[in-house]
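A.B. asks: For the protein sequence lines, the chains are A and B, in the order given.
Position in the first sequence (from 1) plus 46 gives the number in the working numbering.
Position in the second sequence (from 1) plus 43 gives the number in the working numbering.
Heads up, the beta-carbon is just placed ideally off N, CA and C, and yes, glycines get one too.
Have a look at this one before I ask anything.
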Amino acid sequence: MKRRKYPLDQALAGYLLVLPAMVSLAVFLIGPILYAFYISFFHFSFLDPQNATFAGFGNYIHLFNDPVFLRALLNTSLYSLCVVPVQTALSLFLALIVNQVKGKTFFRVAYYLPTVTSTVAVSVMFIFVFQPSGLLNRFLLLFGIHGPNYFNSPSFALPSIMALAVWSTVGQFMIIYLAGLQDIPEEIYEAADLDGASGWARLTRITIPLLRRTTFLTVVMSLIGTFQVFDQMYVISGGSGGPLNSTLSVVLDLFNKAFKDMEMGYASAMAFVLFVIILILTLVQQFVLGREQE
Amino acid sequence: MSKEIVQQRKHHPLLYAVAILYAVITLLPFVWSVYTSLKPTSQAFNILTPLSMLNFKSYVSILHDFPFTHWLFNSLLVAVIVTGGNLVVNTLSGYAFARLRFPGRGLLFYVFLGVMMIPGQVLLVPVYILLANLGWIDTYQGLSIPFLLSPFMIFLARQFFLGMPKDLEEAGRIDGLSHWGVFFKIFLPLSRPLLAAETILTFQGNWNSFLWPVLLETSQNMYTLPVGLNSFYGQYNAYWNSVMAGVILLTLPMVIVFLIFQKQFVKGISTSGLK
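Written out as structure tokens, the structure is:
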């Protein structure tokens, strides 16, 4: 061992500088995660921790027989599967447009504004615009359409939250796409022009294929984000996930199981199922991006 | 530059029409919220309210008759503490991982990278129990101390410091500076872009955060703005003008910060996309 590689004073300085992060990591991350994993095998209530009983895999098995959790998982998957493609396509579409017009800064700022806005503020704004006699329905009435009472309808509440999610995140992904577009060398387009490629061919043969890394990244990022949705559901349904559980997300269900029903062992099992879903998404991302770089 | 020239020859009125249409879709809810907040309650659902009826009474009312001023103070205080703490904790470790050699450095860094994949929701139950045992529920320390670490910021800081030339350190050492001196006198003054990105991302995240605050803030006195607005909306949702004044109060500070630092925001987002 070459001890000389680590001069003592440098090693000491290094440890001192990472110390705050290490303490925080141990106390607020690793310790709690291990504890959560442990109690996920118990029937554990915070109000009565002495009487926790061992459940084995009981909590995990129960999850997949629990109609409320399955509904939350279905809602969250639907939400994710609808929001992600629409958001990705729309943000690419807008990036392509903004990239070609003057006043780029204005559009970039305008589209990005919802991203810096609190989800609580956005949810309340949308509740107002989506009121039975709100702005949206007034607008639809011009075309003779009588809009529903969006957030009180079991069939319209979740799609309305999806629309809110797309509206509030498109700007962020558009900016990532704009950065991706800057990386495409202009010579490729010039060569395509010489070959007489149409605008459509330029888009489908050059732009979209060359942006696939960006697209992949935004898709995974937004899958991970959408699977963790909570704020909008909580504010819009007043914490209940209603009407009729139609806006119950996995995290909202977890929150209610843990802190309303005080079933913390069960809620922890739920958290680990969410963890595994997100871990799989992240690993797929790492794997594909790693392979691309080779 | 050549890109700009190529783009000039192909703008098309239709592109502008679509860009403007989407700008309207994005901005209209904001404009509508401001407009509603200036109306009397009875006019909330009117499309055309006479300008003479618009005033700031609902703002005065929420700031004066309801605890919005207090919530604003809580939000600012917690966001400032959390941002300051994050700057110290994550910048220091990012620097150590990039520029100092010590046994176990590689392993430790991988641990931090690894925990980036863990969704924060897994921590809800155990950290709540921990904070309850510490008696930190509904306190400022409970709202700030567990949130000072960000593996992503450590990663950003490490990347930033790795990108700086080796000569800097050597020059400092030759001048007789200690490791601390090298960091504080040479690297830190050059880290403004890093600190700006860290500040913006952390401040924005904390200002808008809701999941942890709604769990940890149990008394009205401790509410931060998002939790306060949610509770106010729950109780007074017939008073749309006041609710919308609350929405604007929560939104406006971030929008102002964004408009001032929009270049850094865009840079922050682009880097987070490229991680």
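Among the residues of its own chain, which have a CB less than 8 Å from the CB of Ile-270 (chain A), if the five just before and after it don't count?
C.D. replies: On the first sequence, residue 270 (chain A) is found 224 positions in, with the first residue counted as 1. Taken in chain order, the residues that qualify are Ile-324, Leu-327, Thr-328.
A.B. asks: For the alpha helix (DSSP H) that contains Leu-94 (chain B), what are its first and last residues?
C.D. replies: Locating residue 94 (chain B) in the second sequence gives position 51, counting from the first residue. From DSSP, Leu-94 (chain B) is part of no alpha helix (DSSP H); its letter is neither H nor E.
A.B. asks: For His-113 (chain B) and chain A, any beta-carbon pair shorter than 9 Å?
C.D. replies: Taking the second sequence and counting its residues from 1, the one referred to as residue 113 (chain B) is at position 70. No, because no Cβ of chain A sits closer than 9 Å to the Cβ of His-113 (chain B).
A.B. asks: Assign Gln-332 (chain A) to one of two classes, buried (16 or more other C-beta atoms within 10 Å of its C-beta) or exposed (fewer than that).
C.D. replies: As a first step, residue 332 (chain A) must be located in the first sequence, where it is residue number 286. That one is exposed.
A.B. asks: Quick one: does Trp-75 (chain B) have its CB under 9 Å from some CB of chain A?
C.D. replies: Reading the second sequence from its first residue, position 32 is the one you call residue 75 (chain B). Cβ-Cβ to chain A under 9 Å: yes for Trp-75 (chain B).
A.B. asks: CA-CA distance, Arg-154 (chain A) and Val-212 (chain A)?
C.D. replies: Taking the first sequence and counting its residues from 1, the one referred to as residue 154 (chain A) is at position 108. Taking the first sequence and counting its residues from 1, the one referred to as residue 212 (chain A) is at position 166. Roughly 16 Å separates the two Cα atoms.
A.B. asks: Less than 9 Å separating the beta-carbons of Leu-254 (chain B) and Leu-174 (chain B)?
C.D. replies: Sequence index remark: in the second sequence, residue 254 (chain B) carries index 211 (1-based). Sequence index remark: in the second sequence, residue 174 (chain B) carries index 131 (1-based). Contact flag unset, no.
A.B. asks: Let me check one thing: in DSSP terms, what residues is Thr-99 (chain A) bridge-paired to?
C.D. replies: The residue you call residue 99 (chain A) lines up with position 53 of the first sequence. Thr-99 (chain A) pairs with A:His-89.
A.B. asks: So Arg-154 (chain A) contacts chain B; which residues on that side make the cut at Cβ distance below 9 Å?
C.D. replies: Position 108 of the first sequence, counted from the start, is the residue given in the question as residue 154 (chain A). Those within 9 Å of Arg-154 (chain A) in chain B are Gln-305, Val-309.
A.B. asks: Nearest to Asn-198 (chain A) by CA position, among A:Lys-303, A:Ser-286, A:Phe-88, A:Phe-301, is which residue?
C.D. replies: Locating residue 198 (chain A) in the first sequence gives position 152, where the first residue counts as 1. Minimum Cα distance to Asn-198 (chain A) is reached at A:Ser-286.
A.B. asks: With DSSP as the reference, label Gly-242 (chain A) as helix, strand or coil.
C.D. replies: Translated into positions along the first sequence, residue 242 (chain A) becomes position 196. Coil, per DSSP.
A.B. asks: With Tyr-350 (chain A) as the anchor, note down where its alpha helix (DSSP H) starts and where it stops.
C.D. replies: Outside the displayed span of chain A (47 to 340) sits residue 350 (chain A), for which this structure offers no information.
A.B. asks: Could you say which of B:Ala-214, B:Phe-99, B:Thr-69 lies nearest to Val-162 (chain A) if we only look at CA atoms?
C.D. replies: For this step, residue 162 (chain A) is matched to residue 116 along the first sequence. Among B:Ala-214, B:Phe-99, B:Thr-69, the Cα nearest to that of Val-162 (chain A) is on B:Thr-69.
A.B. asks: List in chain order: all unbroken beta strand (DSSP E) runs of 3+ residues lying wholly within the region 196-269 of chain B.
C.D. replies: The qualifying runs do not exist here; there are none.
A.B. asks: Rounded to whole angstroms, what's the CA-CA distance from Asn-291 (chain A) to Phe-110 (chain A)? Just pull it up for me.
C.D. replies: The sequence position of residue 291 (chain A) within the first sequence is 245, counting from 1. The sequence position of residue 110 (chain A) within the first sequence is 64, counting from 1. Taking the straight line from one Cα to the other gives about 17 Å.
A.B. asks: Within the same chain, show all residues whose beta-carbon is closer than 8 Å to that of Trp-75 (chain B), passing over the 5 residues directly before and after it, in chain order.
C.D. replies: Translated into positions along the second sequence, residue 75 (chain B) becomes position 32. Excluding positions up to five away in sequence, the list is empty.
A.B. asks: So, with DSSP's three-state summary, where would you put Asp-55 (chain A)?
C.D. replies: Here residue 55 (chain A) corresponds to residue number 9 of the first sequence, with the count starting at 1. Looking at Asp-55 (chain A) - three-state DSSP - the assignment turns out to be helix.
A.B. asks: Which of helix, strand or coil does DSSP assign to Tyr-312 (chain A)?
C.D. replies: Locating residue 312 (chain A) in the first sequence gives position 266, counting from the first residue. Helix, per DSSP.
A.B. asks: In or out: Asn-251 (chain B) buried (at least 16 other Cβ within 10 Å) or exposed?
C.D. replies: The residue you call residue 251 (chain B) lines up with position 208 of the second sequence. The residue in question, Asn-251 (chain B), is buried, as its Cβ has 16 or more Cβ neighbours within 10 Å.
A.B. asks: Could you list which residues in chain B have their beta carbon closer than 9 Å to that of Asp-241 (chain A), in chain order?
C.D. replies: Walking along the first sequence from the start, residue 241 (chain A) turns up at place 195. What Asp-241 (chain A) touches in chain B: nothing, since even the nearest Cβ is about 16 Å away.
A.B. asks: Can you confirm whether Arg-235 (chain B), when its beta carbon is compared against all beta carbons of chain A, has any partner nearer than 9 Å?
C.D. replies: The residue labelled residue 235 (chain B) in the question sits at position 192 within the second sequence. False, the Cβ-Cβ gap to chain A never drops below 9 Å.
A.B. asks: I think Gly-248 (chain B) touches Leu-272 (chain B), with their Cβ atoms under 8 Å apart; what is that distance to the nearest whole Å?
C.D. replies: As a working mapping, residue 248 (chain B) is identified with position 205 in the second sequence. As a working mapping, residue 272 (chain B) is identified with position 229 in the second sequence. That belief does not hold up - the Cβ atoms of Gly-248 (chain B) and Leu-272 (chain B) are roughly 17 Å apart, past 8 Å.
A.B. asks: Name the chain A residues whose beta carbon is nearer than 8 Å to that of Phe-99 (chain B)?
C.D. replies: For the purposes of this step, residue 99 (chain B) is taken as residue 56 along the second sequence, with counting starting at 1. Within 8 Å Cβ-Cβ: nothing; Phe-99 (chain B) doesn't reach chain A, min ~19 Å.
A.B. asks: Name the residues in the region 91-102 of chain A whose C-beta lies less than 9 Å from a C-beta of chain B; which are they?
C.D. replies: Result list: Phe-92, Pro-95.
A.B. asks: Name the chain B residues whose beta carbon is nearer than 7 Å to that of Ser-70 (chain A)?
C.D. replies: Here residue 70 (chain A) refers to the residue found at position 24 of the first sequence. Near Ser-70 (chain A) (Cβ distances below 7 Å), the residues of chain B are Val-132, Leu-191, Leu-192.
A.B. asks: For Gln-133 (chain A), would you say it is in contact with chain B, using Cβ-to-Cβ distances shorter than 9 Å as the test?
C.D. replies: Position 87 of the first sequence, counting from 1, holds the residue named residue 133 (chain A). No, no contact with chain B.
A.B. asks: With a Cβ-Cβ cutoff of 9 Å, do Ser-80 (chain B) and Ser-285 (chain B) count as a contact?
C.D. replies: The sequence position of residue 80 (chain B) within the second sequence is 37, counting from 1. The sequence position of residue 285 (chain B) within the second sequence is 242, counting from 1. Yes. Within cutoff.
A.B. asks: Run down chain A in chain order and give the residues with a C-beta less than 7 Å from the C-beta of Gly-277 (chain B).
C.D. replies: Within the second sequence, residue 277 (chain B) is the residue found at index 234, counting from 1. Neighbours of Gly-277 (chain B) on chain A, chain order: Gly-284.
A.B. asks: Rounded to the nearest angstrom, how far is the Cβ of Leu-204 (chain A) from that of Thr-134 (chain A), given a contact under 8 Å?
C.D. replies: To locate residue 204 (chain A), count along the first sequence from 1; it is residue 158. To locate residue 134 (chain A), count along the first sequence from 1; it is residue 88. 19 Å between Cβ atoms; not a contact.
A.B. asks: Between Phe-219 (chain A) and Ser-137 (chain A), which are expected to be in contact by the criterion C-beta below 8 Å, what is the C-beta distance as a whole number of angstroms?
C.D. replies: Taking the first sequence and counting its residues from 1, the one referred to as residue 219 (chain A) is at position 173. Taking the first sequence and counting its residues from 1, the one referred to as residue 137 (chain A) is at position 91. With 8 Å as the limit, Phe-219 (chain A) and Ser-137 (chain A) qualify as a contact, their Cβ atoms being about 4 Å apart.
A.B. asks: Within a Cβ cutoff of 7 Å, which residues of the same chain sit near Ile-48 (chain B), ignoring the five residues on either side of it in sequence?
C.D. replies: Stepping through the second sequence from its first residue, residue 48 (chain B) is reached at position 5. Reliability fails at Ile-48 (chain B), whose pLDDT of 44 lies under 50, so the model's placement of it is uncertain and the value that follows must be treated cautiously. The answer is none, since no qualifying residue turns up.
A.B. asks: For Lys-48 (chain A), count the other beta carbons within 10 Å of its own beta carbon; 16 or more makes it buried, fewer makes it exposed. Which is it?
C.D. replies: For this step, residue 48 (chain A) is matched to residue 2 along the first sequence. Its pLDDT being 46, under 50, Lys-48 (chain A) is placed unreliably in this model, and the value from its coordinates should be taken loosely. Burial call: exposed.
A.B. asks: Can you tell me the Cβ-Cβ gap for Leu-192 (chain B) and Leu-71 (chain A), rounded? I've got them flagged as a contact below 8 Å.
C.D. replies: For the purposes of this step, residue 192 (chain B) is taken as residue 149 along the second sequence, with counting starting at 1. For the purposes of this step, residue 71 (chain A) is taken as residue 25 along the first sequence, with counting starting at 1. Correct: roughly 6 Å between the Cβ atoms.
A.B. asks: Taking C-beta pairs closer than 9 Å, name the residues in chain A that Ala-200 (chain B) reaches, listed in chain order.
C.D. replies: Numbered from its first residue, the second sequence carries residue 200 (chain B) at position 157. Here the premise fails: no neighbours, minimum Cβ distance about 10 Å.
A.B. asks: If you drop the 5 nearest sequence neighbours on each side, which residues of the same chain put their C-beta closer than 6 Å to that of Thr-112 (chain B)?
C.D. replies: Position 69 of the second sequence holds residue 112 (chain B). If we look at Thr-112 (chain B) and ignore the five residues flanking it on each side, its Cβ neighbours are Leu-106.
A.B. asks: Using only CA atoms, which one of A:Gln-228, A:Val-330, A:Ser-295 lies nearest to Gln-146 (chain A)?
C.D. replies: The residue given as residue 146 (chain A) occupies position 100 in the first sequence. The candidate whose alpha carbon is nearest that of Gln-146 (chain A) is A:Gln-228.
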